[in-house]
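Sequences listed follow chains A and B, in order. Counting from -18, one number per residue, gives the positions in the first sequence under the numbering used here. Counting from -18, one number per residue, gives the positions in the second sequence under the numbering used here. Ideal Cβ positions, reconstructed from N, Cα and C, are used throughout, including at glycine. Working notes, beginning with the structure itself.
There are 2 protein chains.
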Amino acid sequence: MKSRINITQIAKMAGVSKTTVSRVLNNKPDVKAESREKIERIIKKYNYYPNAYAKAVSNKKSNTICAVIPHDASYVFSNPYYSEILRGVSQMTNANNYQLLLSFSDDGKYVDIAKEQRADGIILISPSCEDYDQIDELVDMAMPLVSASKVLNSQFVCHICVNDSKGAYLATEHLLNLGHKKIGFINGPYNLASSRDRYEGYASALKQKGISVDETFTQEGRNSLESGYESMQKLLKNVNLTAVVVSSDLMAIGAIKAVNEAGKKVPDDISIVGFDDIPFAPYVNPPLTTINQDAYFKGMAVAEKLIQIINNENVEYRTTMDVELKIRESTTRCKA
Amino acid sequence: MKSRINITQIAKMAGVSKTTVSRVLNNKPDVKAESREKIERIIKKYNYYPNAYAKAVSNKKSNTICAVIPHDASYVFSNPYYSEILRGVSQMTNANNYQLLLSFSDDGKYVDIAKEQRADGIILISPSCEDYDQIDELVDMAMPLVSASKVLNSQFVCHICVNDSKGAYLATEHLLNLGHKKIGFINGPYNLASSRDRYEGYASALKQKGISVDETFTQEGRNSLESGYESMQKLLKNVNLTAVVVSSDLMAIGAIKAVNEAGKKVPDDISIVGFDDIPFAPYVNPPLTTINQDAYFKGMAVAEKLIQIINNENVEYRTTMDVELKIRESTTRCKA
DNA sequence: TTGTACGCGTTATCAG
DNA sequence: CTGATAACGCGTACAA
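As structure tokens, this is what we get:
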């Protein structure tokens, strides 16, 4: 790139020192109105802008926030849940004049961003147990940290999560109320705290009604559409179910595909309830009954908290957002 | 954040000068094996990493690429087409050890990123005519630039686009072949070059068959689901159509919703073909006939070109990717 | 093989 | 009000 003009040159042209130029750049007092105007004119004329990284070095502050999604990019971008979180995050960082650095990596390489001091703070989106070593490292560095889901290994990591167990409970209860008794569960990866909580919600709803939990009714998926498809195929092969709780909408869409291919119908033969309420949930076939969580709001909240922590403000370190059952057309009364 | 160790301190502990430490950090020769080992041990011990921004200032290279989406975040993140592009971009930047900076803003503020010298190059994703002033500014700064869609105002901007007119032509031809004669068109915003090309493809397919183009059959949408919904409502109110070409899948999904609410059926009453082939296209109701473009590959290609330009390699400045008609179930033979 | 001295573009201190 | 001067953390001619 063409080498751009710098503060020294501006100072020279204005016949003042760098210091004075710096003063007007940062809206500081103690500059004669006359000088200020002259400097401003020259800045305008040469379309000058201070170099952000030189500022970062000098100020020890980069005005950059990094959103880390410790999974590979295809996992992330195929799932609108993450898009919604990022939408919220970017809205908030924009509003506060922070730049947004994005990092995907399933290999923990994102810790380098902290070591290299590229960001004033880090947002962890959906970290799993495998990330706990890296998280400890970040905590050791005293890097401001907020997670968009539960982090179990450290009380120094601020997190905002949704009430996962309640969500799964509501989903299961809904099916129970429709008369279903044989209810399967396609879970996300067990290395996510959310998956464990959701399982617990599912199990406790069953117990509540005196139905014993059958391990063969459960599958562990990877949260992708394909894995929802595969998990449902296994369930269809091995057990007789009339309904399934699926731990993400994306997997639910895959599950519906598997049901269709097996020559059955959703919801007539098998009712399905998802989790997340992604924007497409109302438009798939059939429109998905699901657990709504406001990922956009979560993204905003997470970014806002991080900025507060960076500014040394006091914040609540544990927040749980509520969830809600959204009934659409993928569930119906049990006909078996 | 806790202030971290720097190169000077490492040098001191190793009993050498910064220069020597810098040499081992950058894998340069002329360091005694013994010294190298000692320095490496200390680096390891203190978990030291050079400050990326100090390097950037010194090297005049930030190893950062900025992806600019000159629209507001909700426009972007609600559309999986952009997610797919970003997925490709991030894959490629990751592979080449570039950091990815993300910028949304419908107000042209992204030029600041160049002025502040935060990035070695910029990827423009779907810029519109309103961005041409800013693009000129970027060109003036000699900022390496690649666009993921056509840019008409400057031959200095490398771009990769898809064959939009062919796509719309194929879509329209498909409907014509099914016997449709009254074919509407819901376009994207006219300030996108792609929208103009798509209109042209639509019109030329009609002319080919001797069908005159009726302006009242066309609506200009904003590429969102809602705007597809509204545009279709207007078409339904004012004209009698048996088929509609829609310029994005997202709008197509909205259009289907409008058809349903009007008490009609897709495709029996109205055939619809979309554009983009987003990952959800096969799963909506009915599965969407659409024009496939490989946005993931486009994202990779765009990032790769930018990196080549940054490295002063020669690249082809004009690339057009092919498109393909994907027939699913939202189109059928005309019954009128 | 190593180190001195300076440069990168910025801000902060403090004396005038 | 202003400007030397040092500092931020790093890279690199050039000399030794």
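Which residues in chain A have a C-beta closer than 7 Å to the C-beta of residue 33 of chain B? List them in chain order.
For this step, residue 33 of chain B is matched to residue 52 along the second sequence. Chain A residues near residue 33 of chain B: 97, 98, 99.
Under 8 Å by beta carbon: chain B residues contacting residue -15 of chain A
Counting from one through the first sequence, the residue named residue -15 of chain A turns up at place 4. Correct list: 96, 98, 122.
Take residue 172 of chain A as the anchor and find which of A/103, A/279, A/134 has the nearest alpha-carbon.
Numbered from 1 along the first sequence, position 191 holds the residue referred to as residue 172 of chain A. When the alpha-carbon of residue 172 of chain A is set against those of A/103, A/279, A/134, the nearest one is in A/134.
Could you confirm whether any beta carbon from chain B is found closer than 9 Å to the beta carbon of residue 136 of chain A?
For the purposes of this step, residue 136 of chain A is taken as residue 155 along the first sequence, with counting starting at 1. No - not a single Cβ of chain B is within 9 Å of the one on residue 136 of chain A.
Residues that residue 77 of chain B bridges to, as DSSP identifies them
Locating residue 77 of chain B in the second sequence gives position 96, counting from the first residue. Its beta-bridge partners do not exist; DSSP assigns none.
How far does the alpha helix (DSSP H) with residue 155 of chain B in it extend, from its first residue to its last?
Indexing the second sequence from 1 puts residue 155 of chain B at position 174. Counting along the chain, the alpha helix (DSSP H) containing residue 155 of chain B begins and ends at 145 to 158.
Residue 267 of chain A versus residue 35 of chain A: straight-line alpha-carbon distance, rounded:
Numbered from its first residue, the first sequence carries residue 267 of chain A at position 286. Numbered from its first residue, the first sequence carries residue 35 of chain A at position 54. About 55 Å.
Candidates B/141, B/3, B/155, B/206, of which the one nearest residue 300 of chain B by Cα
Start at 1 with the first residue of the second sequence, and residue 300 of chain B comes out as number 319. Per the Cα distances, B/141.
Nearest candidate by alpha-carbon position, reference residue 189 of chain B, set B/155, B/169, B/211, B/205
Here the question's residue 189 of chain B lines up with position 208 in the second sequence. Per the Cα distances, B/155.
Taking the Cβ atom as the reference point for each residue, do residue 310 of chain A and residue 270 of chain A lie within a distance shorter than 9 Å?
Sequence index remark: in the first sequence, residue 310 of chain A carries index 329 (1-based). Sequence index remark: in the first sequence, residue 270 of chain A carries index 289 (1-based). In contact: residue 310 of chain A and residue 270 of chain A (Cβ atoms closer than 9 Å).
Between the region 46 to 58 of chain A and the region 270 to 279 of chain A, do at least 3 Cβ pairs fall closer than 8 Å?
no
Residues that residue 330 of chain B contacts on chain A, provided the C-beta gap is smaller than 8 Å:
Absent from the structure is residue 330 of chain B, since the part of chain B shown begins at -18 and ends at 317.
On the three-pair Cβ rule with 8 Å, is the region 191 to 202 of chain B touching the region 211 to 231 of chain B?
In short, these stretches touch, since the Cβ pair count reaches three.
Would you mind reading off the limits of the beta strand (DSSP E) that contains residue 232 of chain A?
As a working mapping, residue 232 of chain A is identified with position 251 in the first sequence. Residue 232 of chain A -> not in any beta strand (DSSP E); alpha helix (DSSP H) instead, spanning 230 to 242.
9 Å Cβ cutoff met for residue 186 of chain B and residue 254 of chain B:
On the second sequence, residue 186 of chain B is found 205 positions in, with the first residue counted as 1. On the second sequence, residue 254 of chain B is found 273 positions in, with the first residue counted as 1. The answer is no: Cβ separation not under 9 Å.
Are residue 104 of chain B and residue 95 of chain B touching if we call contact CB-CB under 9 Å?
By 1-based counting over the second sequence, the position of residue 104 of chain B is 123. By 1-based counting over the second sequence, the position of residue 95 of chain B is 114. Contact flag unset, no.
Collapsed DSSP secondary structure at residue 257 of chain B in the structure displayed:
Here the question's residue 257 of chain B lines up with position 276 in the second sequence. Strand, per DSSP.
Below 9 Å on C-beta distance, what does residue 65 of chain A contact in chain B?
For this step, residue 65 of chain A is matched to residue 84 along the first sequence. Going along chain B in sequence order, the residues near residue 65 of chain A (Cβ under 9 Å) are 58, 59.
Name the two residues that bound the continuous beta strand (DSSP E) containing residue -5 of chain B.
For the purposes of this step, residue -5 of chain B is identified with residue 14 of the second sequence, where counting begins at 1. Residue -5 of chain B -> not in any beta strand (DSSP E); alpha helix (DSSP H) instead, spanning -12 to -5.
Classification of residue 22 of chain A by the beta-carbon crowding that lies within 10 angstroms, buried from 16 upward:
Stepping through the first sequence from its first residue, residue 22 of chain A is reached at position 41. Flag for residue 22 of chain A reads exposed.
Counting along the chain, where does the beta strand (DSSP E) carrying residue 128 of chain B start and finish?
In the second sequence, counting from the first residue as 1, residue 128 of chain B sits at position 147. Looking at the DSSP string, the run of the beta strand (DSSP E) that includes residue 128 of chain B is 126 to 128.
Taking only three categories from DSSP, how would you classify residue 165 of chain A?
Position 184 of the first sequence, counted from the start, is the residue given in the question as residue 165 of chain A. The three-state secondary structure of residue 165 of chain A, taken from DSSP, is strand.
Euclidean distance between Cα positions of residue 65 of chain A and residue 83 of chain B
As a working note, residue 65 of chain A is residue 84 in the first sequence. As a working note, residue 83 of chain B is residue 102 in the second sequence. Their backbone Cα atoms lie some 15 Å apart in a straight line.
Complete runs of the beta strand (DSSP E) confined to the region 15 to 70 of chain A [at least 3 residues]
Correct list: 45 to 50.
Could you tell me the distance, in whole angstroms, from the CA atom of residue 106 of chain A to the CA atom of residue 91 of chain B?
Numbered from 1 along the first sequence, position 125 holds the residue referred to as residue 106 of chain A. Numbered from 1 along the second sequence, position 110 holds the residue referred to as residue 91 of chain B. Whole-angstrom Cα-Cα distance: 25 Å.
If you measure beta-carbon to beta-carbon, which residues of the region 241 to 272 of chain A are closer than 9 Å to chain B?
260, 261, 263, 264, 265, 266, 267, 268
Would you mind stating whether residue 108 of chain A and residue 51 of chain A have Cβ atoms separated by less than 9 Å?
In the first sequence, the residue the question calls residue 108 of chain A occupies position 127. In the first sequence, the residue the question calls residue 51 of chain A occupies position 70. Against a cut-off of 9 Å, the Cβ pair of residue 51 of chain A and residue 108 of chain A comes out as a contact.
List the residues that DSSP assigns as beta-bridge partners of residue 302 of chain B.
Along the second sequence, one-based indexing puts residue 302 of chain B at 321. B/143.
Assuming residue 183 of chain A contacts residue 149 of chain A under a Cβ cut-off of 8 Å, what Cβ separation, rounded to an integer in Å, is found between them?
Locating residue 183 of chain A in the first sequence gives position 202, counting from the first residue. Locating residue 149 of chain A in the first sequence gives position 168, counting from the first residue. 5 Å between Cβ atoms; contact.
Is it buried or exposed for residue 10 of chain A, if we count other Cβ within 10 angstroms and need 16 for buried?
The residue given as residue 10 of chain A occupies position 29 in the first sequence. So residue 10 of chain A ends up on the exposed side.
Mark residue 15 of chain B as exposed unless 16 or more other C-beta atoms lie within 10 angstroms of its C-beta, in which case mark it buried.
In the second sequence, the residue the question calls residue 15 of chain B occupies position 34. When all chains shown are included, residue 15 of chain B counts as exposed.
Could you work out which residue in B/24, B/-3, B/-4, B/160 is closest to residue 6 of chain B when comparing CA atoms only?
Within the second sequence, the letter at position 25 stands for residue 6 of chain B. Out of B/24, B/-3, B/-4, B/160, B/24 has the C-alpha closest to the C-alpha of residue 6 of chain B.
To the nearest angstrom, how far is the alpha carbon of residue 199 of chain A from that of residue 210 of chain A?
If you number the first sequence from 1, residue 199 of chain A lands on position 218. If you number the first sequence from 1, residue 210 of chain A lands on position 229. Approximately 14 Å, taken between the alpha carbons.
Counting pairs of beta carbons, one from the region 223 to 230 of chain A and one from the region 241 to 261 of chain A, are three or more of them closer than 8 Å?
yes
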